[in-house]
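Participant: Mind having a look at this structure? Questions to follow.
Protein chains: 2
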Amino acid sequence: MTGPRSLAETEKAVQAKLGDVPLRHDAMAAIANVYRAAAAVRQHVENSVLREAELTWTGFVVLWVVWIFGEMETRHVAQEAGISKGTLTGVARTLESRGLVVRAPHPSDGRMAMLSMTAAGEELMSRLFPAFNAEEAFAADRLSGAECDQLAGLLRRVVAQLEDNGEARRLELLEGAAPTPRRSGRKRKD
Amino acid sequence: MTGPRSLAETEKAVQAKLGDVPLRHDAMAAIANVYRAAAAVRQHVENSVLREAELTWTGFVVLWVVWIFGEMETRHVAQEAGISKGTLTGVARTLESRGLVVRAPHPSDGRMAMLSMTAAGEELMSRLFPAFNAEEAFAADRLSGAECDQLAGLLRRVVAQLEDNGEARRLELLEGAAPTPRRSGRKRKD
DNA sequence: CTGAACTCGTTTGGCCTCGAACAATATGGG
DNA sequence: CCCATATTGTTCGAGGCCAAACGAGTTCAG
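Here's what the structure looks like:
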């Protein structure tokens, strides 16, 4: 969350703003850094290995999912990639226009669509994935193998906490009140 | 990166695809979880405390920066918030239209613009920030205080590695070759 | 069989996102 | 003073992002 300002400086400024309100500073530092690290990694990878392949981070992840798991229903692809189904429609369209992926109707259920790799997609991924992993390794270069495992473990607990209890928590915060409708979104037809 | 599929299953599939290519599996797991955790936290916070305030994550971060550090040159706001200056222009416009922030010309340098809070912005943040922090604490609920500090420390090392060595690494990967120009971007005028 | 209820992928609207191109301004040397 | 260079914030284009609304298709109860 914070850029080049020193941590101490930021902490002091926060204290000055909310000196009396009790805050969880440890959680603040941990979560803020999760976001900062994610952005830094994405930036680095997009501007190194993904740039030449003209792929975005999300495009790569979707491609990766289809590559690893093979032909798949699009809803499962979206879930694995961690994006909404609406987003997947657009990303899949982009990948399809680049000839890396093909969309096909589900053989027995007319509602579904399947996504699978083309030969060009296969070829690209077998070249790109090792390079991608090398940049992950570069990002983690200051961590030992054990520390990587530790980091992964701590983060998995954060993810699990939100997946297990997030929805209940959000409902609890609303306290029965109707959730504020999203500012954007499709308009009703009538 | 991976959703509900079991870790073991994913590992096995990766091995099957690239059995002979040596990969850093520990770094892969660590970095993938950084991204997953960041997305999960953002999702949760946007759908709880930020929803009612009609703020996006980025809008909140920008507001937070101006709130904490006071009137600021927009380039510094962008840097602190971790977004590009082009993005900041749009986000600041949104916040200004909501009456939370004001833009003013720099007193002595005509190129620059200053951003500062309105009274409404102050008021919103003093209410919103404690709630935001409470959700950070909720996300970190399965971590002890010491583990939060540990997590923050590990992530800071990842960020530092990319900040210190990222650019050199990207240049090295290019090997003198001209970087692929971005697909999008403003067209040349002539 | 038929219609209500559900489920899937797509569309839509508002916004964020980057980086390159640009206009406006500033700075420094000649 | 003038002009080249550097630095700002803005504009632009392609695309990612979500959730709500939607249409097409399925399922199941009556």
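Those protein sequences? They're chains A and B, same order as listed. Residues are numbered in the numbering used here as their position in the first sequence, beginning at 1, plus a constant of 115. Residues are numbered in the numbering used here as their position in the second sequence, beginning at 1, plus a constant of 115. For each residue, glycine too, the CB sits at the ideal point set by N, CA and C.
1. According to a CB-to-CB cut-off of less than 7 Å, which residues of the segment 250–264 of chain B neighbour chain A?
2. In three-state terms, what does DSSP make of MET203(A)?
3. With a Cβ-Cβ cutoff of 7 Å, do LEU269(A) and LEU266(B) count as a contact?
4. Tell me whether PRO245(A) sits in a helix, a strand or coil according to DSSP, three-state version.
5. Can you pull the chain A neighbours of GLY159(B), defined as C-beta to C-beta under 8 Å?
6. Give me the Cα-Cα distance between HIS159(A) and GLY225(A), rounded to the nearest whole angstrom.
7. At what residues does the alpha helix (DSSP H) containing ARG218(B) begin and finish?
8. Got a sec: is the Cβ-Cβ distance from LEU239(A) to anything in chain B below 7 Å?
9. Taking 8 Å as the threshold, find out whether the segment 209–227 of chain B comes into contact with the segment 130–143 of chain B through three or more Cβ pairs.
10. Check the Cβ of ASP141(A) against every Cβ in chain B and list those closer than 7 Å, keeping chain order.
11. Do we get a CB-CB distance below 7 Å when we pair PRO245(A) with the residues of chain B?
12. Hey, how far is the Cα of SER212(B) from the Cα of TRP179(B)?
13. Along the segment 188–199 of chain A, where does the CB come closer than 8 Å to a CB of chain B? Name the residues.
14. Closest by CA to ALA246(B), which one among SER163(B), VAL156(B), HIS191(B) and ARG297(B)?
15. Helix, strand or coil for THR117(B)? Go by DSSP, reduced to three states.
16. Apart from the five residues just before and just after ALA207(A), which ones in its own chain have a Cβ nearer than 8 Å to its Cβ?
17. With a Cβ-Cβ cutoff of 7 Å, do ARG166(A) and GLU169(B) count as a contact?
18. Starting from MET143(B) and walking both ways along the alpha helix (DSSP H), at which residues does that stretch end?
19. If the criterion is Cβ atoms closer than 7 Å, does the pair MET143(B) and GLU161(A) meet it?
20. Quick one: grab the DSSP three-state call for VAL128(B).
21. Kindly provide the ranges of any alpha helix (DSSP H) runs that are 4 or more residues long and lie completely inside the segment 255–292 of chain A, ordered along the chain.
22. What residues from chain A crowd round GLU169(B), counting only those whose CB sits closer than 8 Å?
23. Restricting to Cα atoms, I'd like to know which of ALA128(A), ASP141(A), ALA254(A) and THR233(A) is closest to ALA254(B).
24. How should ARG195(A) be labelled, buried or exposed, when 16 other C-beta atoms within 10 angstroms of its C-beta is the threshold for buried?
25. List the residues of chain A whose Cβ lies closer than 9 Å to the Cβ of ALA234(B), in chain order.
26. Within its chain, find whatever has a CB closer than 6 Å to the CB of THR117(B); leave out the 5 residues flanking it on each side and keep chain order.
27. Report the neighbours of LEU133(B) on chain A: residues whose CB is nearer than 8 Å to its CB, in chain order.
28. What does a CB cutoff of less than 8 Å around MET240(B) pick up in its chain, not counting 5 residues either side in sequence?
29. Is there a C-beta anywhere in chain A that falls below 7 Å from the one on VAL181(B)?
30. Report back the beta-carbon spacing between LEU277(A) and VAL156(B) to the nearest angstrom; my notes put them in contact at under 8 Å.
31. Per DSSP, which residues does GLU238(A) bridge with? Please list them.
32. If the cut is a Cβ gap below 8 Å, which residues of chain B does ARG151(A) touch?
33. Are any of the Cβ atoms in chain A nearer than 7 Å to that of LEU203(B)?
34. Name the chain A residues whose beta carbon is nearer than 9 Å to that of SER212(B)?
35. Mind checking VAL149(B): buried by the 16 CB within 10 Å criterion, or exposed?
Facilitator: Per the coordinate set shown:
1. GLU251, ALA252, PHE253, ALA254, ALA255, ASP256, ARG257, LEU258, GLY260, GLU262, CYS263 and ASP264
2. The question names Met, but residue 203(A) in the sequence shown is Leu. Correct three-state label for LEU203(A): helix.
3. yes
4. helix
5. First, the amino acid is wrong: residue 159(B) is His here, not Gly. By Cβ distance, chain A contributes LEU277, GLY281, ARG284 and ARG285.
6. 41 Å
7. Run containing ARG218(B): none in the alpha helix (DSSP H); it sits in the beta strand (DSSP E), 216–220.
8. no
9. no
10. GLY260, CYS263 and ASP264
11. yes
12. 17 Å
13. GLN194, GLU195, ALA196 and GLY197
14. SER163(B)
15. Confidence in THR117(B) is poor, its pLDDT being 49 and thus under 50, which makes the residue's placement too unreliable to answer from.
16. VAL177, THR189, VAL192, VAL216, ARG218 and LEU230
17. no
18. 140–161
19. no
20. With the sequence shown as reference, residue 128(B) is identified as Ala, and Val is not the correct amino acid for it. Looking at ALA128(B) - three-state DSSP - the assignment turns out to be helix.
21. 260–289
22. THR295 and ARG298
23. ASP141(A)
24. Note that residue 195(A) is Glu in the sequence shown, not Arg. With 16 or more Cβ atoms within 10 Å of its Cβ, GLU195(A) is classed as buried.
25. In chain order: nothing, as chain A lies at least about 15 Å away.
26. Annotation note: pLDDT 49 at THR117(B) (below 50); position unreliable, coordinate value reported separately. The residues are THR125.
27. SER241, PHE244 and PRO245
28. LEU178, TRP179, TRP182 and MET232
29. no
30. 7 Å
31. Note: GLU238(A) sits in no beta bridge, so no partner.
32. GLY197, LEU270 and VAL274
33. no
34. Near SER212(B) there are no residues of chain A at all, since even the closest Cβ is about 12 Å away, more than 9 Å.
35. buried
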